Structure formats: structure tokens, C-alpha cells
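Report on the structure given below.
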Amino acid sequence: MIAYFQRILPKIYGLYFNIIALFSKEKVAEKAFRLFCSPRKGRVLPIQEAFLNEAKFERVEVEDMQIQTYHWEGKGRRVLLLHGWESNTYRWRNMIGFLKKEDFDILAFDAPAHGWSTGELFHVIKYSACTKTMVDRYKPDYIIGHSVGGMTAVYHQYLWPKNSLSKIVTIGSPSEMKDVMDQYQSILNFKDSVMRALNQLIVERFGFGINDFSTSVFAKELNIDGLLIHDKYDTIAPYRASEKVHQNWKGSQLISTEGLGHSMHQDFVSQNIIDFLKS
């Protein structure tokens, strides 16, 4: 019964949006946007608290949010970790183990509306603002980003290229906002009229449309080294995303895997990242 409701609930939302769109494009756009930006999970679970409390650092104010940071001290180069959607800093536990063995100085933070950070909505623009604050404040040498965290890292570097960073690692990251939004529309099964209204809201709020946000395009402007790791059979973010970014990012390497999935917690992945950072 639960599985049935989990399958049918998105379609109910889609039908709801389709009906609202008949009467108000502005209202349906706002509702579709808020649903898209509202994580359903990613807050810290009891089982995750002990690990995170070992490094719980300071809260940093970004816009109207209190962002929870973490610090595992080391004597080496400083690394900043950016987790993905509906996750938190705990997702880096395996990677952190590898980084600690090499004595890297490790920083991380919970994204808006995730972990122990405040906020109700999450999107790349908010995440990029938080990333800029952390880069300006803590001066990391490297960023490692998983999924939308990697997308955010590339977008941040495109917007603010003069900073302390010399390398970026992305893991299973999407590249085109259109791909993400097409998936959203497919899951909810709402009409194109809803998508057009949503696109107009994004243009008015952020100054660009859905088709304009592309890290494969942004990558053309990057002048630091990058490592992209992506599984060919990733069902969350398509492998072609990293292929396109790699083609346009002159200083990048692409490691392709088969059967490691989207999360990519495997030792093979962590070791390749360590080798890249130390090279």
C-alpha cells in the first residue's frame, strides 16, 4: 500500500498543477518551484550524529540561513566537500577516511535545508552563494562535489574564478538544468504549460532560463584542473553529462566506471580522488 501511494502521489501533484495552470500561471509556477526545491530528506539522522559531532564546527550566516560547517583538522592542503540533493555531510564518511590518512585539512558544510543547516528551499543558486562564502572565508585548495554538489562547484568557479582553488572534483554530477527539469516533469506528468510558467519564474527570479543553465557551457571558461568521475549506468545523473563537461573543460580528466551507481562510495573512487589531489 505504501509503495502504491509513493507511485501515485507524484501524479496527483501533476494533476493538481495542471488544474491550477488553467487559472493562474504565476500561482502554478510558484507551487511547482517550491515543490522542486523542497528536499524530502537529508536532515541528520540519529545514526549519523556521532560521526558528525566529532567535527561539528561553527555556524556561518549566509543570506537568511545558518549553515552548519564541519572541520577535520590536518596539516596538508585544505579540501572543501559539497554533498548532493537530499543528503548531508555524513555522506562523505568514506572519503573523509581516505583524506585523513593523507593528512588533508578537511572542511564541509550542510547545504541549505539539509543536515543541521537551516532553510526550507534548496537550489544551485543558494548552494553557490554558500560555497562562495565558504571559499572566501576558509580559502580551500580543492573542492570535491557529489551530484549537484559537483554542478555547484563548477558554477561557482565560473562565476567567481579568482579564488584559492586549484582543483575541482565532480562525482556523478548533472550538467544541464533542462535534463533535471525534464525528469521533474516526467515524474509528475504535468503539462508543458506548467513548465513554461516555471521557466518564466526562473527567468524573472534568477536572470536565466532553464535552457541557459549548463555546466558544460560554463566549463569552457574554467582555467583550473578538474577530475570528473561518472558511472556509465548512472540512473540519477546521465553519464553524458560528464562527457559534455569534459569535452569543454580543457584541464579536466574523466574516469568512467561501470556498475558503481550514483553514490560512488567505493574505495576505488576515493583512491583515484586522492591520487588526483596529490598529483
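1 is the number of the first residue of the sequence shown in UniProt numbering; add one for each residue after it.
All C-beta atoms, glycine included, are put in the ideal place defined by N, C-alpha and C.
Note that the structure is predicted; figures quoted are calculated from it, not measured.
- Using a C-beta cut-off of 8 Å, the segment 59-76 makes no contact with the segment 9-20, since fewer than three inter-stretch Cβ pairs fall below that distance.
- In the structure shown, residue 63 adopts coil according to DSSP, grouped into three states.
- Straight-line measurement puts the Cα of residue 123 at about 21 Å from the Cα of residue 25.
- In the three-state DSSP reduction, residue 108 falls in the strand class (E or B).
- According to the DSSP secondary-structure assignment, residue 170 is paired through a beta bridge with 145 and 228.
- For residue 255, DSSP records a beta bridge to 229.
- Secondary structure in the segment 192-227: the alpha helix (DSSP H) runs of 4 residues or longer, each lying completely within the stretch, are 192-206 and 215-218 in chain order.
- The beta carbon of residue 222 sits closer than 6 Å to those of 157 and 249, all from its chain and outside the five residues before and after it, given in chain order.
- CA-CA distance, residue 115 to residue 192, rounds to 34 Å.
- In this chain, residue 44 is not harboured by any beta strand (DSSP E), its DSSP state being neither H nor E.
- Of the residues assessed, residue 68 falls on the buried side of the cut-off, its CB having 16 or more other CB atoms within 10 angstroms.
- When the beta-carbon positions are compared, residue 118 and residue 66 come within less than 8 Å of each other.
- For residue 10, same chain residues with a beta-carbon under 6 Å away, outside a window of 5 residues either side, are 187 and 188 in chain order.
- Secondary structure at residue 68: strand, using DSSP grouped into helix, strand and coil.
- The three-state reading of DSSP puts residue 176 in strand, counting E and B together.
- If you draw a straight line from the Cα of residue 267 to the Cα of residue 106, it comes to about 18 Å.
- Beta-bridge partners assigned by DSSP to residue 240: none are found.
- For residue 93, the uninterrupted alpha helix (DSSP H) run begins and ends at 93-101, by DSSP.
- At a Cβ-Cβ threshold of 8 Å, residue 183 and residue 29 do not count as neighbours.
- Judged by DSSP in its simplified three-state form, residue 36 adopts helix.
- Nearest neighbour of residue 246 by Cα position, chosen from 75, 50 and 214, turns out to be 214.
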